[in-house]
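If you count the sequence shown from 1, position 184 lands on 435 in my numbering, and the numbers rise without skipping.
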Amino acid sequence: MTRSTGAAGPRGDTAKLNRGFGVLAVLGVILVVAGLIGLIYTAAATLTTMLLFGWLLLVGGIVGLLHAVQARQTNFFWLGVVVAALNIAAGVVIIKIPEAAAEALTMFAALLFLTGGVFRLVGSLVVRGPQFGWTLVQGAFGLLLGILVLATWPSSSQYVIGTFFSLSLLFDGLGLIATGYGGRRIVGMVAGK
Numbered sequence: 252m253t254r255s256t257g258a259a260g261p262r263g264d265t266a267k268l269n270r271g272f273g274v275l276a277v278l279g280v281i282l283v284v285a286g287l288i289g290l291i292y293t294a295a296a297t298l299t300t301m302l303l304f305g306w307l308l309l310v311g312g313i314v315g316l317l318h319a320v321q322a323r324q325t326n327f328f329w330l331g332v333v334v335a336a337l338n339i340a341a342g343v344v345i346i347k348i349p350e351a352a353a354e355a356l357t358m359f360a361a362l363l364f365l366t367g368g369v370f371r372l373v374g375s376l377v378v379r380g381p382q383f384g385w386t387l388v389q390g391a392f393g394l395l396l397g398i399l400v401l402a403t404w405p406s407s408s409q410y411v412i413g414t415f416f417s418l419s420l421l422f423d424g425l426g427l428i429a430t431g432y433g434g435r436r437i438v439g440m441v442a443g444k
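1) Quick check on Gln409: does DSSP put it in helix, strand or coil?
2) Decide if Met440 is buried, meaning its Cβ has at least 16 other Cβ atoms within 10 Å, or exposed.
3) Skipping 5 residues on each side, what residues in its chain have a beta carbon closer than 8 Å to that of Leu363?
4) Taking the continuous alpha helix (DSSP H) assigned at Gly380, which residues delimit it?
5) Let me confirm a value: Gly257 is counted as buried when at least 16 other C-beta atoms fall within 10 Å, else exposed. Which label applies?
6) Can you give the beta carbon distance from Gln409 to Ala294, rounded, assuming they're within the 8 Å contact cut?
7) So is Val310 buried or exposed if we call it buried at 16+ other beta carbons inside 10 Å?
8) Using the Cβ count rule (16 or more neighbours within 10 Å means buried), how would you classify Pro349?
9) Kindly indicate which residue of Ala341, Gly342, Ala340, Gly315 has the alpha-carbon position closest to the one of Trp329.
10) Pop quiz: Gly305 and Gly413 are said to be a contact at Cβ under 8 Å. What is the actual Cβ separation, rounded to whole angstroms?
11) Would Thr325 be called buried (16 or more neighbouring beta carbons within 10 Å of its own) or exposed?
12) Does DSSP put Thr366 in a helix, in a strand, or in coil?
13) With a threshold of 8 Å, are at least 3 pairs of Cβ atoms found where one atom belongs to the region 374-385 and the other to the region 339-349?
14) Please classify Asn236: does DSSP put it in a helix, a strand, or coil?
15) What residues in its chain sit with their C-beta under 8 Å from that of Val343, if we drop five residues either side in the sequence?
16) With a cut-off of 8 Å on the beta carbons, I'd call Gly394 and Gly424 a contact; round off their distance for me.
17) Taking the Cβ atom as the reference point for each residue, do Thr357 and Ser419 lie within a distance shorter than 7 Å?
18) Among the candidates Trp404, His318, Phe327, whose CA atom is the shortest distance from the CA of Lys351?
19) Which term fits Val400, buried or exposed, when burial requires 16 or more other beta carbons within 10 angstroms of its beta carbon?
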């Protein structure tokens, strides 16, 4: 009886692993499709991203407020209440006016690209480390991207956030597909030995 359980156990584990990696691959395909749709409809992707962000802030603020009320005897009660209130307020504002929130977030992203690009460029020129060329290219790309987004702002806010979010979905999905496919191959190779 122990032998049959031992023999069935590895096969069952292999089947579970294969199913798990298969689920990862299917989720990857869903993310890739969502990313491609988002790249086609960038304005809708931007609006959807902002609404999702607003709802996450709102729900997170409500949960934070409930947690602060539960911990009202601690020294961090008021800090928890203030942070929760700010999250709730930001969530409500983003849900009510997602276009303005997208404009503000796009401006913030452009400024991050600009400052990051400048720091990488200067850092690569000053340090001249082993990754000099790659850091220089990253800095120049960040600086160029920041300038391009700012040059067309606020109209760029209609597509920048949606494009970045869609690209993130696309690459995350490709990563999950590769993990699922590679994992199944490795399980098949190990189980075949």
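Just so it is clear, CB atoms sit at the ideal spot from N, CA and C, and this is done for glycine as well.
On the basis of the data shown:
1) helix
2) exposed
3) Gly397
4) No alpha helix (DSSP H) holds Gly380; DSSP gives it neither H nor E.
5) Legend: pLDDT at Gly257 = 47, less than 50; position of this residue unreliable, no value from coordinates given.
6) 5 Å
7) exposed
8) buried
9) Gly315
10) Rounded, the Cβ-Cβ distance is 15 Å, inconsistent with contact.
11) exposed
12) helix
13) no
14) Here the chain has residues from 252 to 444 only, and residue 236 is not among them.
15) Gly305, Leu309
16) Inspection of the sequence shows that residue 394 is occupied by Leu rather than by Gly. So it is not a contact: roughly 29 Å between Cβ atoms.
17) no
18) Looking at the sequence shown, residue 351 is not Lys but Ala. The option with the nearest alpha carbon to Ala351 is Trp404.
19) buried
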